[in-house]
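Note sheet for the following structure.
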Amino acid sequence: MVSTGLENAILNGLVTGSFVALGAIGLSLVYNIADVPNFAHGELLMIGAYVALLVNVPGDVPLLTTLASNSDPVTGGVMAVLFVLTAGGSLGTVMLLDGRAALEGGWWPVDPPTPVIAVAAHALGAVVLGLIVAVAAPSIWAGLLLAGVVLAFVGPLFDRYVFSKFREEGAALATILMATMGLAFVLRFSMQAFFSGSVRRYDVSETITVGGDTFDVSRAKFVDFYVTDGGTVVELIDTASSPDATRFLAGHSWPVLALVVVVTLAVGYGAYRWRRSDIGTDEAAQTIGPRLVGTAAGAVTFLTLFALLSTGVARPDPAGAMYATRVRTSVLRLSVLVLAVVLIFALHVLLQETKLGTAMRAASDNLDLAKVTGIDTDQVMMTTWIIAGGFAAIAGVIIGLLFHQIVPSMGFYRLLPIFAAVILGGLASVYGAIVGAFAVGIAMEVGFYSLNLAWRVSGTHRVSLAFVLLLVVLLVKPDGIVGRG
Numbered sequence: 001m002v003s004t005g006l007e008n009a010i011l012n013g014l015v016t017g018s019f020v021a022l023g024a025i026g027l028s029l030v031y032n033i034a035d036v037p038n039f040a041h042g043e044l045l046m047i048g049a050y051v052a053l054l055v056n057v058p059g060d061v062p063l064l065t066t067l068a069s070n071s072d073p074v075t076g077g078v079m080a081v082l083f084v085l086t087a088g089g090s091l092g093t094v095m096l097l098d099g100r101a102a103l104e105g106g107w108w109p110v111d112p113p114t115p116v117i118a119v120a121a122h123a124l125g126a127v128v129l130g131l132i133v134a135v136a137a138p139s140i141w142a143g144l145l146l147a148g149v150v151l152a153f154v155g156p157l158f159d160r161y162v163f164s165k166f167r168e169e170g171a172a173l174a175t176i177l178m179a180t181m182g183l184a185f186v187l188r189f190s191m192q193a194f195f196s197g198s199v200r201r202y203d204v205s206e207t208i209t210v211g212g213d214t215f216d217v218s219r220a221k222f223v224d225f226y227v228t229d230g231g232t233v234v235e236l237i238d239t240a241s242s243p244d245a246t247r248f249l250a251g252h253s254w255p256v257l258a259l260v261v262v263v264t265l266a267v268g269y270g271a272y273r274w275r276r277s278d279i280g281t282d283e284a285a286q287t288i289g290p291r292l293v294g295t296a297a298g299a300v301t302f303l304t305l306f307a308l309l310s311t312g313v314a315r316p317d318p319a320g321a322m323y324a325t326r327v328r329t330s331v332l333r334l335s336v337l338v339l340a341v342v343l344i345f346a347l348h349v350l351l352q353e354t355k356l357g358t359a360m361r362a363a364s365d366n367l368d369l370a371k372v373t374g375i376d377t378d379q380v381m382m383t384t385w386i387i388a389g390g391f392a393a394i395a396g397v398i399i400g401l402l403f404h405q406i407v408p409s410m411g412f413y414r415l416l417p418i419f420a421a422v423i424l425g426g427l428a429s430v431y432g433a434i435v436g437a438f439a440v441g442i443a444m445e446v447g448f449y450s451l452n453l454a455w456r457v458s459g460t461h462r463v464s465l466a467f468v469l470l471l472v473v474l475l476v477k478p479d480g481i482v483g484r485g
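Heads up, the sequence shown is in our numbering, so the first residue is 1 and it goes up one at a time.
So, in structure tokens, the structure goes:
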């Protein structure tokens with residue numbers, strides 16, 4: 001039997017780093033642009049997790065229990081509430097950017113033909129989102145969407161009605177810090193009073209059907225990897241059936257692997273040279289640069305050739321293999337990683353490719369100077385909090401899915417590794433927060449795996465390992481991994 005090893009711990013670390021990164025992004029943006037060291041950020045994760053319950057388990061939510069029934073938890077009344085919350089939250093988020101002017105397309109990168117068209121587009125988008133959430137309930141993915149919309153609306157309200165007052169008065173950073181701690185306690189105990197302190201869980205279907213085939217979402221899948229004299233072998237094992245069933249078994253000979261590597265390097269380098277020759281001719285080159293193009297082209301080429309040139313083989317004997325390891329994962333965990341990567345890439349495009357992103361970077365460097373140069377800093381501030389709230393909500397739902405419990409204190413305990421990630425990467429850089437988040441995630445899982453090789457330790461030590469890494473890095477590089485960026 002093949003056993004799990006370091007590779008499995010690294011994959012677990014990437015999944016852990018995914019939700020830590022989504023939380024760290026908002027915390028870093030708010031600190032750099034709004035000058036708020038937000039200790040209440042963990043409570044945004046917690047609220048997002050609870051908001052998703054409105055869609056996923058409406059019968060377990062106070063007030064909605066009167067509208068739901070045991071036979072049909074998603075009644076017409078529940079659907080109406082979900083529609084209003086989603087549509088109203090999305091329109092409210094747009095209004096927060098600049099009131100009626102934003103609703104008329106003032107925040108769009110291009111001017112709309114007429115204000116009426118912009119208003120109609122916003123209204124149509126809100127209706128579509130509302131229908132998606134209402135009709136898709138009790139899907140957890142619809143709950144994820146509602147949580148993101150609601151927190152994208154609620155997050156900026158904290159700045160508008162609380163933290164902006166401190167900025168206007170020129171309050172010290174320590175004063176704002178204490179205010180965020182007070183807000184965190186208010187939010188936590190308010191949710192505890194409303195939902196009680198009992199543990200709640202999402203009701204998620206364990207299987208999905210794609211093209212007539214049924215896949216288990218939450219149960220573990222084993223990916224066994226062998227290195228033999230003849231080449232490499234990969235096997236995908238599904239533990240949902242009894243006994244375990246092999247879903248995929250294929251191998252590649254050493255000459256085929258050499259061909260795949262050579263072609264991949266050639267395509268990647270060719271794409272890099274092509275993009276480099278085009279550098280500076282358009283603004284997109286600053287974002288989709290030669291390294292990114294070369295890496296993407298190489299990755300696509302490698303995956304395509306790896307799939308096309310695979311051949312059926314017999315399962316090797318682990319004892320006779322030169323190297324054998326097993327990675328334990330699931331569709332759910334891989335979905336979390338993919339979702340985080342997509343959102344991080346979308347944020348990167350926003351920051352580097354759009355005028356709004358340029359304004360956000362300018363405000364991060366010097367808010368007063370940005371205001372003097374004509375940048376709408378109020379819109380930048382609202383956008384920052386919208387992103388922070390939306391990303392925090394998604395992170396909260398992910399945590400509820402991965403750890404199978406939702407409690408009022410969940411935000412506080414997740415805030416510790418999130419703060420560690422922001423400080424580790426560099427307080428002045430959102431990209432540093434992302435790097436720090438994945439470094440923290442890998443340190444937690446790899447460190448836990450390494451300690452278990454010698455001693456049996458509790459899983460609660462994972463967070464301690466993150467702070468050990470933080471201390472070591474700061475001793476060597478006080479500005480963090482990325483530093484100012």
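Virtual Cβ for every residue (Gly too), placed ideally from N, Cα, C.
Sort out for me which residues DSSP pairs residue i with in a bridge.
{"i": "SER253", "result": "GLY231"}
{"i": "ILE406", "result": "ARG200"}
{"i": "THR207", "result": "ASP216"}
{"i": "THR4", "result": "ARG326"}
Indicate the three-state DSSP secondary structure (helix, strand or coil) for residue i in the structure shown.
{"i": "ARG219", "result": "coil"}
{"i": "ILE481", "result": "coil"}
{"i": "LEU465", "result": "helix"}
{"i": "THR460", "result": "coil"}
{"i": "HIS375", "result": "Residue identity check: residue 375 is Ile in the sequence provided, not His. ILE375 falls in the coil class under three-state DSSP."}
{"i": "ALA245", "result": "strand"}
{"i": "THR86", "result": "helix"}
{"i": "LEU367", "result": "helix"}
{"i": "THR239", "result": "coil"}
{"i": "LEU11", "result": "helix"}
{"i": "ASP224", "result": "strand"}
{"i": "VAL472", "result": "helix"}
{"i": "ASP111", "result": "coil"}
{"i": "GLU104", "result": "coil"}
{"i": "SER429", "result": "coil"}
{"i": "TRP274", "result": "helix"}
{"i": "TRP385", "result": "helix"}
{"i": "GLY280", "result": "Low local confidence applies: a pLDDT of 47 at GLY280 is under 50, so the model's placement there is unreliable, with the coordinate-based value given in what follows. Correct three-state label for GLY280: coil."}
Write down the C-beta distance between residue i and residue j rounded to the nearest angstrom, noting that I regard them as a contact closer than 8 Å.
{"i": "THR126", "j": "LEU157", "result": "Here the sequence assigns Ala to residue 126, which means Thr is not the residue at that position. About 18 Å separates the two Cβ atoms, so there is no contact after all."}
{"i": "THR384", "j": "ALA34", "result": "6 Å"}
{"i": "VAL260", "j": "PHE222", "result": "Incorrect: roughly 24 Å between the Cβ atoms, too far for contact."}
{"i": "ALA87", "j": "LEU129", "result": "6 Å"}
{"i": "VAL336", "j": "VAL15", "result": "6 Å"}
{"i": "LEU82", "j": "LEU103", "result": "Actually they do not touch by this definition, with Cβ atoms about 22 Å apart."}
{"i": "GLY143", "j": "VAL397", "result": "7 Å"}
{"i": "LEU29", "j": "VAL430", "result": "6 Å"}
{"i": "ALA152", "j": "GLY480", "result": "No, ALA152 and GLY480 are not in contact; Cβ-Cβ is about 28 Å, not under 8 Å."}
{"i": "ALA428", "j": "ASN32", "result": "6 Å"}
{"i": "GLY436", "j": "VAL457", "result": "The Cβ separation is near 24 Å, so there is no contact."}
Can you list, in chain order, the residues of its chain with a C-beta nearer than 8 Å to that of residue i? Leave out the 5 residues immediately preceding and following it.
{"i": "SER205", "result": "VAL217"}
{"i": "ALA362", "result": "LEU369, ALA370, THR373, ILE375"}
{"i": "GLY13", "result": "PHE438, GLY441, ILE442, ALA443, MET444, GLU445, VAL446"}
{"i": "LEU471", "result": "none"}
{"i": "ILE394", "result": "LEU22, GLY48, LEU144, ALA147, GLY148, LEU339, LEU343"}
If you drop the 5 nearest sequence neighbours on each side, which residues of the same chain put their C-beta closer than 7 Å to that of residue i?
{"i": "THR354", "result": "PRO109"}
{"i": "ALA250", "result": "VAL234, SER310, THR311, GLY312, VAL313"}
{"i": "MET79", "result": "ALA134, ALA137"}
{"i": "LEU465", "result": "ALA443, MET444, GLY447, PHE448"}
{"i": "ILE344", "result": "ALA21, ILE434"}
{"i": "PHE194", "result": "PRO62"}
{"i": "THR65", "result": "GLY59"}
Within its chain, find whatever has a CB closer than 6 Å to the CB of residue i; leave out the 5 residues flanking it on each side and keep chain order.
{"i": "ARG188", "result": "GLU43, PRO408"}
{"i": "GLY106", "result": "ASP98"}
{"i": "SER196", "result": "none"}
{"i": "LEU415", "result": "GLY42"}
{"i": "GLY5", "result": "THR325"}
{"i": "GLY411", "result": "GLY42, GLU43, LEU45, MET46"}
{"i": "ALA240", "result": "ASP216, ARG219"}
Can you determine whether any heavy atom of the ligand PLP sits closer than 8 Å to the C-beta of residue i, and answer yes or no?
{"i": "LEU96", "result": "No copy of the ligand PLP occurs in the structure displayed, which carries no ligand at all."}
Does the beta carbon of residue i sit closer than 9 Å to a beta carbon anywhere in chain C?
{"i": "LEU146", "result": "Within the model displayed, chain C is absent; a lone protein chain is all it includes."}
For this session: Write down every uninterrupted run of the alpha helix (DSSP H) in the segment 284 to 360 whose length is 4 residues or greater and which is fully enclosed by it, in chain order.
Result: 290 to 308, 331 to 353
Problem set entry | Continuous alpha helix (DSSP H) assignments of at least 4 residues falling wholly in the segment 115 to 203 | 115 to 136, 140 to 158, 164 to 168, 173 to 195
Exercise. Curious, which full-length alpha helix (DSSP H) runs of at least 4 residues does the segment 17 to 75 contain?
Worked result: 41 to 56
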